Amino acid sequence: MPYNTNNDLPKRVRNNLPQGAQTIFRKVFNESYIKYADPIKRKRNDSLEEVCNKVAWFVVKKKYAKRKDGIWVKKLKL
Numbered sequence: 019m020p021y022n023t024n025n026d027l028p029k030r031v032r033n034n035l036p037q038g039a040q041t042i043f044r045k046v047f048n049e050s051y052i053k054y055a056d057p058i059k060r061k062r063n064d065s066l067e068e069v070c071n072k073v074a075w076f077v078v079k080k081k082y083a084k085r086k087d088g089i090w091v092k093k094l095k096l
């Protein structure tokens, strides 16, 4: 289901990602929820929730990186 605020996100997201990454995750998840609502638009037999999570994490990982100590930080623009 879509998330209204970052506080509504799953604990695994809230407890690991900084606020900026949480916002990206939430917005992408919500957009994906609409885009992939029709099962025909999803690959394989993934549930809507699975697809939305995969897409959201993909976008977060483009902008943030997990350090060796487990802390997520924004990637530097070169």
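When you line the sequence shown up against the working numbering, it's residues 19 to 96, in that order.
Beta carbons are placed, not taken as given, at the ideal position from N, Cα and C, and that holds for glycine.
The model shown is predicted, which means the values in this text are computed figures rather than measured ones.
Residue j beta carbon less than 8 angstroms from that of residue i
i: Tyr-21; j: Asn-48; result: yes
i: Ala-83; j: Val-46; result: no
Distance between residue j and residue i (C-alpha atoms, nearest Å)
i: Ala-55; j: Val-91; result: 31 angstroms
i: Pro-28; j: Arg-60; result: 22 angstroms
i: Met-19; j: Asn-71; result: 11 angstroms
i: Val-69; j: Asn-25; result: 21 angstroms
i: Ile-42; j: Thr-23; result: 11 angstroms
i: Lys-95; j: Tyr-51; result: 29 angstroms
For residue i, the nearest candidate out of the options (CA to CA)
i: Val-31; options: Ile-58, Lys-93, Lys-79 and Ser-50; result: Lys-79
i: Lys-93; options: Ile-58, Leu-66, Ser-50 and Pro-36; result: Pro-36
i: Val-38; options: Phe-76, Lys-81 and Ser-50; result: This sequence places Gly at residue 38; Val is not what is there. Looking at the Cα atoms, Lys-81 is the closest of the given residues.
Opposing strand residues paired with residue i [DSSP bridges]
i: Ala-55; result: Per DSSP, none; premise fails for Ala-55.
i: Lys-84; result: Trp-90
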